[in-house]
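Undergrad: So that we are looking at the same thing, I have put the structure below in structure tokens.
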Amino acid sequence: MINNIIHCSLHNRLMVLLGALLVIAGGYFSSRQMDIDVFPDLTAPTVVLMTDTRGMTAEETERLVTFPIETAVNGATDVRRVRSTSLNGYSFVWVEFNWGTDIYRARQTVNEKMVAMGDGLPEGITPVMAPQSSIMGEILFVSMQAGDTTGMMELRTLADWVVKPAVLATGGVAQVTVIGGDVKEYQVLADAAKMDAYGVTMGQLADAVAGLSRNSTGGVVREHGNEYALRGIGRTSDLADMAATLVKSAGGQPVTVGDVAQVRVGSAVRMGMASHNGQPAIILSISKQPNINTLDVTEKIERNLQDIAKSLPADVHLNTHVFRQADFIETSVHNVGRALLEGAVFVVIVLFLFLGSFRTTIISVVAIPVSLLGTLIVLHVMGLDVNTMTLGGMCIAIGSLVDDAIIDVENVYKRLRENHRLPREERRPAIRIVFEASCEIRSSILNATFIIMVAFVPLFFLSGMEGRMLKPLGLAYIISLFMSLIVAMTLTPLLCNMMLTGDRYLGANERDSRVTSWLSRGYFRSLGWVLAHHRAVMGGMLAALVVSLGLLLGMGNSFLPEFNEGSAVVSAVAQPGVSLEVNDMLGDALEEELLKVPEVYETARRTGRGELDEHSQATNSSEIEVRFHLANRPRAEVFNDMRHRMASVPGVVCSIGQPLGHRIDHMLSGTRANIAIKLFGSDLSRMFMLGNQIKNAIEPIDGLVDVAVEQQTETPQLQIRARRQALAQYGITMQDFNRYVELAFPGAVLGDIYEGQRRYDLVLRLDSNYTATAQEVGRSLIDTGNGHKVALQDVADIVSAGGPGSISRENVQRKLVVQANVSGRDVGSAVEEIQRTLDRQLTLPEGYRIEYGGQFESARSARHTLLLATSIAILAIFLLLYGEFHEVSLSLIVLLGLPLALIGGVLAVRFTSGVISIPSIIGFITLFGVATRNGILLVSKYRHLQEQGTPLHETVLHGSIDRLNPILMTALTSALALIPLIVNRDEPGNEIQSPMAIVVLGGLVSSTLLNIYVMPVVYRWYALRKERHDTARA
């Protein structure tokens, strides 16, 4: 069938050329239509449930809200993990589904479970499902700052009612979270003394205030043939009207809201604060919807913001570069694209040096654009994006794309020149020579290409985040090779027939190029010496293999290399119980220290959390985005400088990561650190004590930084403990007592006030004079059963106590996390040392256990999967080789290229990073496939010559020399095409491809050099042994 394809291509010139042009045009069109992103979609199917628990403590939130929700969703179809955090007043539950689960189905599943709960939650408490997005979907932070004219309340109002709606109206935006500034609300601040004087109860005042935001309907009035809707207008936004509203009549005199309370516009209780470069600001965090082009939606948002900025006050400034994921995407894709182009240039240079002809070089190089553009068409049809992974797969494949064409062109060119040297009457038709020369090596090319594809199959066994990240790379690589194979069977023979068959051209190019002639002469001499000293050569090879295996076993391991994003994320946690205002001051101090670092030019801080924010940060937590540019110092040194400077701010525990890496860590383990040591138990105090023991034990370990215990210590509380006998004496029911506490102190939203389309809360609570201190809380007045009031301290005890500020859980168990980042060593060895240290120094009580999470967990799982799948792939390769040669011995000889490739790959890793990461392992997989090709070319040539009756010594010598050029060309093009990735390995976008490129380059060097010497030696030994065996049998 393959021969028929070649024959058809040679005799249907127009069809093949038009087909190639269609592929080029289609590839260009596909490239313009495909989305561009930094990575494939890494969004884990996660549904977030957020619940406002109306001021409940963390323990009550856990018991009454979080635990029932967890119980309802735990064990639902496809749920793999349930995490939660309970805070004072809020519950967050993350329901994580198996990878590949449809997110809409996941949300429906959770919604059904919530409906099935019925009355399982306290009255008035309803979970809210967060918008469909993810932590990886955060694409843009926008800061808003103002001068002296616009206050922080007005600025926040503009953010909530002008900027946020306009951004949400942009197609592809899932959520906008606003933090900072003062949220405007209408407040009715009750004066307990005046209420006592007028005999007004809190319930009466609440009923009157609730009426301030209500209108009523009166049906329809029909008059004079017209129909009029009848409405009662009670809602108002006028403070004077609100104050004049009647509460009750006392002695024939009206008592109004203004008589017993202050009515004003004020700011709501702050949940979070923000700053930009140390100055107060408002920060909008913008998340995109899944499967939306980040660059497109970012461009649309920025255009909208430019239009919005024109309508804002003159002193209001918008900054869209606080965090902009598109910057990293654009830089990464540009860098990988540049590496692709530079690699192609290296390929062209190598081809011209070896082939010594522009025409042969052009024919071979044509395979690159046609194959790559054809790959883009297939990827587009499959619904994949252009990202660093798909581009990386094509980048690694670029040297191999011309391999099939090289072998074909080189063989055709050689056979055409041999035919041209014959007398004219003995020459055969050029098209026949092209056909036969192409068919001659087609079987070897086909098998070699399929073997490389099979070698990449283990990549598709990866699951989880690593699978979603790396499978597109393997897919792009395999599709590229397949497209190059099609080009080599169709377009390449046709171009050879069109461009290489002229008598004048062949007459002028009868000799080999100088480079190939020089290499052939040198190789002939050196191969003769090797064959004469084969024992020394084999001994040296075995020694190198043993050394490399020793080095391999001693290397560290990690999941993914660090990204170079040009920005950092600082997580800062103050002591639990610290107020938001105090934490804001600590945040200012941290920003001041960070801006002293020479490379840092911008900071933006979020302290606490924003409304409807799915990130469960308490008021003692801050997150600082730090933008920097590297000049004279490496990134690790800059980060150490940041740590050193931030250590001067007392009472704050800081850790440093990078935006995408930070989010990947959070997605893997629920913790924004490389390593998460999860302690499970029941008693929070004991867990915190054990957590500190773990921290103290591992802190001295070399390479661990940012070691911290999750802050779940007790926070101060004021507990109002009811004295039931006193309550009964004054005629106060427990229901009345609880309602008073809920209404008077945190306040209650009793309605909405509208200013045009803008809606603001109407809140009733006691004046701050009654809530500022514990003594004032005790002196506040509660309504009695006989219409009078009594001091709260007369019916309840006001007690200072402690309670957890936050409680974390995982899979329905309490959890405390000790987290750490790794600097200057690999994650794998760090975790192994942590495990040894804790096994030696820590004894856990009954009912307590430790789990390790983070990048290393995914790395370990991926390594086991890849090793198992690679073993199966090697067996499949052996079967393919056996199908080619029909001899076990010859198949094993070809597989000898694998350990030869391993030598160079290991040495390359050892003298660069010294760490085996998942991309490095994939590099070895790639290498094994490519290295097998050279062995197939040599062994197939040896066997062909022996079948023609050539003596063994001449078979080995002349067969090796005949295959030297294609072997060197394919190896050099594959290797040198990777140099741009290696030279620029620290550039954004190249971080994952460069470890693969390093392994492949080193392995190709060793396998090529050793193959062309070791393979002849081994084959000669095999052939001699076979001859002796055949002679003995005869």
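Using the numbering used here, read the sequence shown as starting at 1169 and increasing by one per residue. C-beta: ideal position from N, C-alpha, C; glycine also.
I'd like to know if the segment 1374–1388 and the segment 1488–1501 are in contact, where contact means that at least 3 CB-CB pairs between them fall below 8 Å.
TA: no
Undergrad: Please go through the same chain and pick out, in chain order, the residues whose beta-carbon is closer than 6 Å to the beta-carbon of R1438, but skip the five residues on each side of it.
TA: Here residue 1438 is taken as the residue at index 270 of the sequence shown, counted from 1. Excluding positions up to five away in sequence, the list reads L1748.
Undergrad: Which whole-angstrom value describes the C-beta separation of E1733 and P1802, a residue pair presumed to lie in contact below a C-beta threshold of 8 Å?
TA: Indexing the sequence shown from 1 puts residue 1733 at position 565. Indexing the sequence shown from 1 puts residue 1802 at position 634. In fact, because the Cβ distance is near 15 Å, the residues do not count as touching under 8 Å.
Undergrad: Here's the rule I'm using: 16 or more other beta-carbon atoms within 10 Å means buried, otherwise exposed. How should F1624 be labelled?
TA: Along the sequence shown, one-based indexing puts residue 1624 at 456. Flag for F1624 reads buried.
Undergrad: Between S1660 and V1577, which are expected to be in contact by the criterion C-beta below 8 Å, what is the C-beta distance as a whole number of angstroms?
TA: As a first step, residue 1660 is located in the sequence shown; it is residue number 492 there, counting from the start. As a first step, residue 1577 is located in the sequence shown; it is residue number 409 there, counting from the start. Looking at the sequence shown, residue 1660 is not Ser but Thr. About 6 Å separates the two Cβ atoms, so the contact holds.
Undergrad: So the candidates are N1266, A1418, A1656 and A1358; which of them puts its Cα closest to the Cα of L1178?
TA: Here residue 1178 is taken as the residue at index 10 of the sequence shown, counted from 1. Minimum Cα distance to L1178 is reached at A1656.
Undergrad: Below 8 Å, can you find three or more Cβ-Cβ pairs linking the segment 1251–1265 to the segment 1965–1982?
TA: Remark: three or more beta-carbon pairs, one from each stretch, lie closer than 8 Å, so the segment 1251–1265 and the segment 1965–1982 are flagged as touching.
Undergrad: Please classify M1183 as buried or exposed, where buried requires at least 16 other C-beta atoms within 10 Å of its C-beta.
TA: Numbered from its first residue, the sequence shown carries residue 1183 at position 15. M1183 should be labelled exposed.
Undergrad: Assuming V2107 contacts I2135 under a Cβ cut-off of 8 Å, what Cβ separation, rounded to an integer in Å, is found between them?
TA: Mapped onto the sequence shown, residue 2107 falls at position 939. Mapped onto the sequence shown, residue 2135 falls at position 967. Rounded to the nearest angstrom, the Cβ distance from V2107 to I2135 is 12 Å, too far for a contact under 8 Å.
Undergrad: Do I2147 and I2166 come within 8 Å of each other at the CB atom, strictly closer than that value?
TA: Here the question's residue 2166 lines up with position 998 in the sequence shown. Here the question's residue 2147 lines up with position 979 in the sequence shown. The answer is no: Cβ separation not under 8 Å.
Undergrad: Just tell me which of F2096, G2091, L2178 and H2126 has its CA closest to the CA of S2162.
TA: If you number the sequence shown from 1, residue 2162 lands on position 994. The residue with the shortest Cα to Cα distance from S2162 is G2091.
Undergrad: Identify the continuous alpha helix (DSSP H) that holds D1364 and give its terminal residues.
TA: Sequence index remark: in the sequence shown, residue 1364 carries index 196 (1-based). Boundaries of the alpha helix (DSSP H) around D1364: A1360 to Y1366.
Undergrad: Buried or exposed, going by whether 16 or more other CB atoms sit within 10 Å of the CB of T1338?
TA: Counting from 1 along the sequence shown, the entry for residue 1338 is found at position 170. Per the 10 Å Cβ criterion, buried.
Undergrad: Less than 8 Å between the beta carbons of L1569 and M1312, yes or no?
TA: By 1-based counting over the sequence shown, the position of residue 1569 is 401. By 1-based counting over the sequence shown, the position of residue 1312 is 144. In this structure, M1312 does not lie closer than 8 Å to L1569 by Cβ.
Undergrad: So what does DSSP say about H2197, is it helix, strand or coil?
TA: Start at 1 with the first residue of the sequence shown, and residue 2197 comes out as number 1029. Reduced to three states, the DSSP call for H2197 is helix.
Undergrad: Provide the residue span of the alpha helix (DSSP H) that contains D1572, from first to last.
TA: Here residue 1572 refers to the residue found at position 404 when the sequence shown is read from its first residue. It spans D1571 to R1589 - the alpha helix (DSSP H) in which D1572 sits, taken as one unbroken run.
Undergrad: Report the rounded CA-to-CA distance for A1360 versus A1314, giving the unit in angstroms.
TA: Here residue 1360 is taken as the residue at index 192 of the sequence shown, counted from 1. Here residue 1314 is taken as the residue at index 146 of the sequence shown, counted from 1. Roughly 38 Å between the two C-alpha positions.
Undergrad: What are the boundary residues of the beta strand (DSSP E) that includes P1972?
TA: In the sequence shown, counting from the first residue as 1, residue 1972 sits at position 804. A1964 to P1972 is the span of the beta strand (DSSP E), which, as asked, contains P1972.
Undergrad: By the three-class DSSP mapping on this structure, what secondary structure does K1983 have?
TA: Taking the sequence shown and counting its residues from 1, the one referred to as residue 1983 is at position 815. Three-state DSSP puts K1983 in a strand.
Undergrad: Does DSSP put S1478 in a helix, a strand or coil?
TA: Along the sequence shown, read from residue 1 onward, the residue named residue 1478 stands at position 310. For clarity, residue 1478 is Lys in the given sequence; the question names Ser instead. Residue state, collapsed to three classes: helix.
Undergrad: Distance, Cα to Cα, Q2207 vs Q1897?
TA: Any property of residue 2207 remains undetermined from this structure, which presents the chain solely from 1169 to 2202.
Undergrad: According to DSSP, simplified to helix, strand and coil, what is Q1785?
TA: If you number the sequence shown from 1, residue 1785 lands on position 617. Three-state result, Q1785: coil.
Undergrad: For K1639, which of helix, strand or coil comes out of DSSP?
TA: Within the sequence shown, numbered from 1, the residue matching residue 1639 stands at position 471. Looking at K1639 - three-state DSSP - the assignment turns out to be helix.
Undergrad: State the Cα-Cα distance for the pair L1695 and G2103, rounded to the nearest angstrom.
TA: Indexing the sequence shown from 1 puts residue 1695 at position 527. Indexing the sequence shown from 1 puts residue 2103 at position 935. Taking the straight line joining both Cα atoms gives about 16 Å.
Undergrad: How far does the beta strand (DSSP E) with V1423 in it reach, from first residue to last?
TA: By one-based count along the sequence shown, residue 1423 stands at place 255. Note, V1423: beta strand (DSSP E), Q1421 to T1424.
Undergrad: Assuming S1631 is part of the alpha helix (DSSP H), what are its boundary residues?
TA: Within the sequence shown, the letter at position 463 stands for residue 1631. Premise fails: S1631 is in no alpha helix (DSSP H) and is neither H nor E.
Undergrad: How many whole angstroms separate the CB atoms of F1265 and D1246, which I take to be in contact at a CB cut-off of 8 Å?
TA: Working through the sequence shown from its first residue, we reach residue 1265 at position 97. Working through the sequence shown from its first residue, we reach residue 1246 at position 78. Correct: roughly 5 Å between the Cβ atoms.
Undergrad: Taking a contact to mean a Cβ-Cβ separation below 8 Å, would you say R1891 touches A1964 in this structure?
TA: Taking the first residue of the sequence shown as 1, we reach residue 1891 at position 723. Taking the first residue of the sequence shown as 1, we reach residue 1964 at position 796. Yes; because the gap between Cβ atoms is below 8 Å, this pair is in contact.
Undergrad: Just reading off the alpha helix (DSSP H) that E1322 is part of, what are its end residues?
TA: Position 154 of the sequence shown, counted from the first residue, corresponds to residue 1322. Where E1322 is concerned, the enclosing alpha helix (DSSP H) stretches over M1320 to L1326.
Undergrad: Would you identify the three-state DSSP class for Q1300, choosing helix, strand or coil?
TA: Counting from 1 along the sequence shown, the entry for residue 1300 is found at position 132. It is coil, neither helix nor strand.
Undergrad: Verify whether the separation of the beta carbon atoms of M1727 and S2026 is less than 8 Å.
TA: Taking the sequence shown and counting its residues from 1, one reaches residue 1727 at position 559. Taking the sequence shown and counting its residues from 1, one reaches residue 2026 at position 858. For the sequence presented, residue 1727 should be read as Phe rather than Met. Going by C-beta atoms, F1727 is nearer than 8 Å to S2026.
Undergrad: The alpha helix (DSSP H) with Q1276 in it runs from where to where?
TA: Taking the sequence shown and counting its residues from 1, one reaches residue 1276 at position 108. Start and end: I1271 to M1285.
Undergrad: What are the boundary residues of the alpha helix (DSSP H) that includes W1697?
TA: For this step, residue 1697 is matched to residue 529 along the sequence shown. Its alpha helix (DSSP H) spans residues R1682 to A1700.
Undergrad: So, is Q1987 buried or exposed, given that buried needs 16 or more other C-beta atoms within 10 angstroms?
TA: Taking the sequence shown and counting its residues from 1, the one referred to as residue 1987 is at position 819. So Q1987 ends up on the buried side.
Undergrad: I'd like the span of the beta strand (DSSP E) that includes Q2009, first residue to last.
TA: Reading the sequence shown from its first residue, position 841 is the one you call residue 2009. Segment V1995 to Q2009 is the alpha helix (DSSP H) holding Q2009; no beta strand (DSSP E) there.
Undergrad: Report the CB separation of V1820 from A1736 in whole angstroms; it is logged as a contact under 8 Å.
TA: Position 652 of the sequence shown holds residue 1820. Position 568 of the sequence shown holds residue 1736. Not confirmed; about 16 Å, so no contact.
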